[in-house]
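Colleague:
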Amino acid sequence: MPNTALSMRLLTYASTLALTIGMLTPAKALDATDRYMAGDFHNHTTCTDGTVSVSTLITKSINTFGLEWMAQAGHGGTGTRDCRFDDPEGDSSKTGSGKLWEQTIGAAALKGDVVTSTSFSPDGLPHRAMWRWQMLQEFVYPEVASLVKQLQNPMLYVGLETNVPGHEHTSTTVLGAQRPWNYLRGDIGNNDALAQFEFRFDRSDTDTSGSGGTPGVANSGIWKGKVANATGPGLGLANHQNKAVPSVAWMQANYPLQSYYVPAHVERAGVFDPNANRGFNVEHFRDFNNAGPTVAVGFETMPGHQASNNRGEYRKDFGGPGIDSVGVTTYGGTGIYGAKIGGVWDALLGEGRNWFFFASSDWHNRGAFSPYVRESTQDFYPGEYQKLYILRPTNGLFRPQVIVNAVRSGNSFSVSGDLITGDLGFTAAIEGQTAQVRMGETLVVPRGKSVRITLTVTTPSKPNNSPYAFNNPSLLQLGIQQPLNKPVLDHVDFIRGNITGVISPNNANYTNGTNPSALIYATFNAAKWTVSGNKRTMSFVIPNIQGNQYIRARGTNLPVATPNETDALGNPLSDPATSVILCTDPACPAHMQTTGGGAKLSSFDVAAWADLWFYTNPIFIRVSDQPKLLVETNKDLANQLATK
């Protein structure tokens, strides 16, 4: 366990900062729009299975694609490559100066148990690998700190995509003593807390010695009591119960205001298998949120890998024959847990849980292309296609703690293809009153009163990052001519659902991932919203509030009933691996799929740029004579922790 005195000092620091930036204070009246900052917290470098260095990844994401904050993450376990160097995969045209740890620091400098790997081996032979905990402490964190200085961006920090015992992957961080903004002062802190989390709980980290230990001698390092992975029949369930849930509880006990735990691409590996390390079901999200009420606060159901032919890498037989991704595909680039109205996300919101929606790039590579060009058959850089927007501080205090607070607060939204910008206002108020709440917050309403919902979004004034200026093939099916790099918001849906209370683990409905009350409550388009410059404002009243409920919004560039894209209600349809939408423009690139007759099909990156969405997080509404919702009590807990 961490040093108690040190943990308390870090907690006090984080708590004071959290209060200073106002993320835990009650809601107040807002302007029409707030300013949000675009970022990304899930991506990869050559330290794990990416193609570019830490420096290339962060510099390009910020300088080229305009991100304002960023975590450099990557898998736990081991890696053979030094991520201070680019090392593009594939043919020799993808030039890089890749280096192995053996070459740059020497095998004698590698700590922990001795391990070798042939992954990314230039000669096909095994090479000494470094444990991820050492990378996080000694190489990734100093690289990020130096980039804070170089880019003058104090909103950079280090995260981790942990390999979850019993499941697939989760985006995490533990800030601990990360202070990269102090680079110029000579006190950049350290990344020990996240390194310890990785060592203790990552399924792929089987090192037994750890920091300060003797290689091959179990429990000889400073981090003792590591739980081994379960094996044999029932290993998935055992790993969930004995290692995954305890990992969240460890965060909650030691760094409750400095960490987050956000399961990633949650549908991709299929439904949970009690005999394997694969998949997430709704009950696991409930378990995580119960164990870490201020830590496990949502999921990445808008995954990266958006330029892949299997969008998001979701596909049939993902985990082997007969083991399909949940929903098989994404739906408008979002997994079925988040895309299906009345599905898993709505089930969790229907309990009043603080469970929020997040997007990420999951950058690894460009597929068939070099990472230095703009075409892609696999991934987009952070900020190039998907952005996660968090509220911008108004007091000028920019630190990674702002990001962790924002993730916890639920005051965030996710956008693909720059369909809308970071100027957004989403509020709820009792009709006739001025006090408002925003995303992630709860409006307390006297029974029988009406509530006004207002959403203002801002559409971009310049082209997005698409390298393609020809007309959107999906919209051409309807006779609409709209360049791929200049998308136009077509309509916005507001989804409302009832909140019926938290389901206990011993309740038969604990494994039920549906909320039948969730429905489209209102839809706005150009005929209904109010226009002021680039702003689109939508406002309506929910009358006579008699029960607890929530409201969330989504929007798209695709009209209702766009063939092969949306249904008659405007819901996104499946993103199949084999497109049926023709790409007929002479500028349609050569790497597209083709029909049997050789005609090009909208696919890979073109298909992604054609099909854009944004999702807000919800606003909760509680009748004043009802007990507090879980989202409220968990925020109360954060406030209590912040004042200790």
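Counting in the numbering used here, the sequence shown runs from 11 upward without gaps.
Every residue gets a Cβ at the ideal spot worked out from N, C-alpha and C, and that includes glycine.
1) Are the beta-carbon atoms of residue 258 and residue 306 separated by less than 8 Å?
2) To the nearest whole angstrom, what separates the beta carbons of residue 464 and residue 435, a pair I think is in contact under 8 Å?
3) Any chance the region 291–302 sits against the region 250–264, with 3 or more Cβ pairs inside 8 Å?
4) Starting from the N-terminal side, write out each stretch of the beta strand (DSSP E) that is 3 residues or longer and does not extend beyond the region 292–359.
5) Could you name the residues of the same chain whose beta carbon sits closer than 8 Å to that of residue 132, not counting the 5 residues immediately before and after it, in chain order?
6) So what's residue 264 in DSSP terms, helix, strand or just coil?
7) Compare the Cα-Cα distances from residue 89 to each of 414, 455, 121 and report the closest residue.
8) How many Å lie between residue 42 and residue 466 at the Cα?
9) Tell me whether residue 520 is buried or exposed, calling it buried when 16 or more other Cβ atoms sit within 10 Å of its Cβ.
10) Figure out for me which residue from 205, 249, 537, 240 has the closest Cα to the Cα of residue 231.
11) Using CA coordinates, which residue listed in 64, 162, 66, 649 is at the minimum distance from residue 415?
12) Between residue 629 and residue 438, how many whole angstroms is the CB-CB distance? I'm expecting something under 8 Å.
13) So, with DSSP's three-state summary, where would you put residue 195?
14) Which one of 424, 461, 452 has the shortest CA to CA distance from residue 442?
15) Return the chain-ordered list of same chain residues with a C-beta closer than 7 Å to the C-beta of residue 492, the five sequence neighbours on each side being excluded.
16) From the DSSP output, in three-state form, read off residue 363 for me.
17) Leaving out five residues before and five after residue 73 in sequence, what residues of the same chain have Cβ atoms less than 8 Å from its Cβ?
18) Of the choices 373, 503, 385, whose alpha-carbon is the least far from that of residue 570?
19) Hey, would you say residue 361 sits closer than 8 Å to residue 477, going by beta carbons?
20) From this set, 317, 398, 540, 129, which residue's C-alpha is nearest residue 627's C-alpha?
21) Tell me the residue span of the beta strand (DSSP E) that contains residue 373.
22) Which whole-angstrom value is the C-beta distance of residue 228 and residue 240, which I expect to be below 8 Å?
23) Considering Cα atoms alone, identify which of 98, 369, 138, 82 is closest to residue 158.
24) Indicate whether the contact test is met: 3 or more Cβ pairs, each with one atom in the region 322–336 and one in the region 447–461, closer than 8 Å.
25) Hey, quick one: how far does the alpha helix (DSSP H) through residue 410 stretch, first residue to last?
26) Judging by CA-CA distance, which residue of 53, 251, 564 is the nearest neighbour of residue 390?
27) Going by the DSSP bridge assignment, what does residue 171 pair with across the sheet?
28) Taking the beta strand (DSSP E) that residue 546 falls in, what are its first and last residues?
29) Need the endpoints of the beta strand (DSSP E) that residue 492 sits in, please.
30) Helix, strand or coil for residue 604 per DSSP?
31) Cutting at 6 Å between CB atoms, please list the residues of its own chain near residue 128, excluding the five before and the five after it.
32) Mark residue 542 as exposed unless 16 or more other C-beta atoms lie within 10 angstroms of its C-beta, in which case mark it buried.
33) Under three-state DSSP, which class holds residue 395?
34) Grouping DSSP H, G and I as helix and E and B as strand, with all else coil, what is residue 644?
35) Note down, one range per segment and in chain order, each beta strand (DSSP E) of at least 3 residues found wholly within the region 112–178.
36) Which same chain residues end up closer than 7 Å to residue 647 when comparing Cβ atoms and leaving out the 5 residues on each side of it in sequence?
Modeller: Let me spell this out:
1) Walking along the sequence shown from the start, residue 258 turns up at place 248. Walking along the sequence shown from the start, residue 306 turns up at place 296. Result yes, Cβ atoms of residue 258 and residue 306 sit closer than 8 Å.
2) Numbered from its first residue, the sequence shown carries residue 464 at position 454. Numbered from its first residue, the sequence shown carries residue 435 at position 425. The Cβ separation is near 7 Å, so the contact holds.
3) Yes: the two stretches touch, three or more of their Cβ pairs being nearer than 8 Å.
4) Entirely contained in the region 292–359, the beta strand (DSSP E) runs reaching 3 residues are, in chain order, 308–312.
5) On the sequence shown, residue 132 is found 122 positions in, with the first residue counted as 1. If we look at residue 132 and ignore the five residues flanking it on each side, its Cβ neighbours are 108, 110.
6) Position 254 of the sequence shown, counting from 1, holds the residue named residue 264. Residue 264: helix per DSSP, three-state reduction.
7) Here residue 89 is taken as the residue at index 79 of the sequence shown, counted from 1. Comparing alpha-carbon positions, the option among 414, 455, 121 lying closest to residue 89 turns out to be 121.
8) To locate residue 42, count along the sequence shown from 1; it is residue 32. To locate residue 466, count along the sequence shown from 1; it is residue 456. Straight-line spacing of the CA atoms in residue 42 and residue 466 works out to 7 Å.
9) For the purposes of this step, residue 520 is taken as the residue at position 510 of the sequence shown. Under this definition residue 520 is an exposed residue.
10) Translated into the one-based positions of the sequence shown, residue 231 becomes position 221. Nearest to residue 231 by C-alpha distance, out of 205, 249, 537, 240, is 205.
11) As a working mapping, residue 415 is identified with position 405 in the sequence shown. A check of alpha carbon separations from residue 415 across 64, 162, 66, 649 identifies 649 as the nearest.
12) Stepping through the sequence shown from its first residue, residue 629 is reached at position 619. Stepping through the sequence shown from its first residue, residue 438 is reached at position 428. Going by Cβ atoms, the distance from residue 629 to residue 438 rounds to 5 Å, so yes, they are a contact pair.
13) Residue numbering aside, residue 195 sits at position 185 when the sequence shown is read from its first letter. Helix at residue 195.
14) On the sequence shown, position 432 is the one that residue 442 refers to. Among 424, 461, 452, the Cα nearest to that of residue 442 is on 461.
15) Within the sequence shown, residue 492 is the residue found at index 482, counting from 1. Cβ within range, chain order: 481, 482, 485, 498.
16) Start at 1 with the first residue of the sequence shown, and residue 363 comes out as number 353. Three-state DSSP puts residue 363 in coil, outside helix and strand.
17) Along the sequence shown, read from residue 1 onward, the residue named residue 73 stands at position 63. Same-chain partners within the cutoff: 161.
18) The residue given as residue 570 occupies position 560 in the sequence shown. Among 373, 503, 385, the Cα nearest to that of residue 570 belongs to 503.
19) Counting from one through the sequence shown, the residue named residue 361 turns up at place 351. Counting from one through the sequence shown, the residue named residue 477 turns up at place 467. Going by C-beta atoms, residue 361 is not nearer than 8 Å to residue 477.
20) Numbered from its first residue, the sequence shown carries residue 627 at position 617. It is 398 whose Cα lies nearest to the Cα of residue 627.
21) Looking up residue 373 in the sequence shown gives position 363. No beta strand (DSSP E) holds residue 373; DSSP gives it neither H nor E.
22) For the purposes of this step, residue 228 is taken as residue 218 along the sequence shown, with counting starting at 1. For the purposes of this step, residue 240 is taken as residue 230 along the sequence shown, with counting starting at 1. The pair is not a contact, with the Cβ atoms about 17 Å apart (cut-off 8 Å).
23) Working through the sequence shown from its first residue, we reach residue 158 at position 148. Nearest of 98, 369, 138, 82 to residue 158, Cα basis: 82.
24) In short, these stretches do not touch, since the Cβ pair count stays below three.
25) Stepping through the sequence shown from its first residue, residue 410 is reached at position 400. 410–419 is the extent of the alpha helix (DSSP H) around residue 410.
26) Looking up residue 390 in the sequence shown gives position 380. Checked all of 53, 251, 564; the closest Cα to residue 390 is 53.
27) Along the sequence shown, one-based indexing puts residue 171 at 161. Beta-bridge pairing links residue 171 to 85, 181.
28) Here residue 546 corresponds to residue number 536 of the sequence shown, with the count starting at 1. First-last of the beta strand (DSSP E) with residue 546: 545–552.
29) For the purposes of this step, residue 492 is taken as the residue at position 482 of the sequence shown. From DSSP, residue 492 is part of no beta strand (DSSP E); its letter is neither H nor E.
30) Taking the sequence shown and counting its residues from 1, the one referred to as residue 604 is at position 594. The answer is strand: DSSP assigns residue 604 an E or B state.
31) Position 118 of the sequence shown, counted from the first residue, corresponds to residue 128. So the list reads 136, once near-sequence residues are dropped.
32) In the sequence shown, residue 542 corresponds to position 532, counting from 1. Of the residues assessed, residue 542 falls on the exposed side of the cut-off, its CB having fewer than 16 other CB atoms within 10 angstroms.
33) Taking the sequence shown and counting its residues from 1, the one referred to as residue 395 is at position 385. Taken through DSSP and simplified to helix, strand or coil, residue 395 comes out as coil.
34) For the purposes of this step, residue 644 is taken as the residue at position 634 of the sequence shown. Residue state, collapsed to three classes: helix.
35) Considered as a whole, the region 112–178 harbours 166–168, 170–173 as its complete beta strand (DSSP E) runs of no fewer than 3 residues, in chain order.
36) Position 637 of the sequence shown, counted from the first residue, corresponds to residue 647. Same-chain partners within the cutoff: 303, 304.
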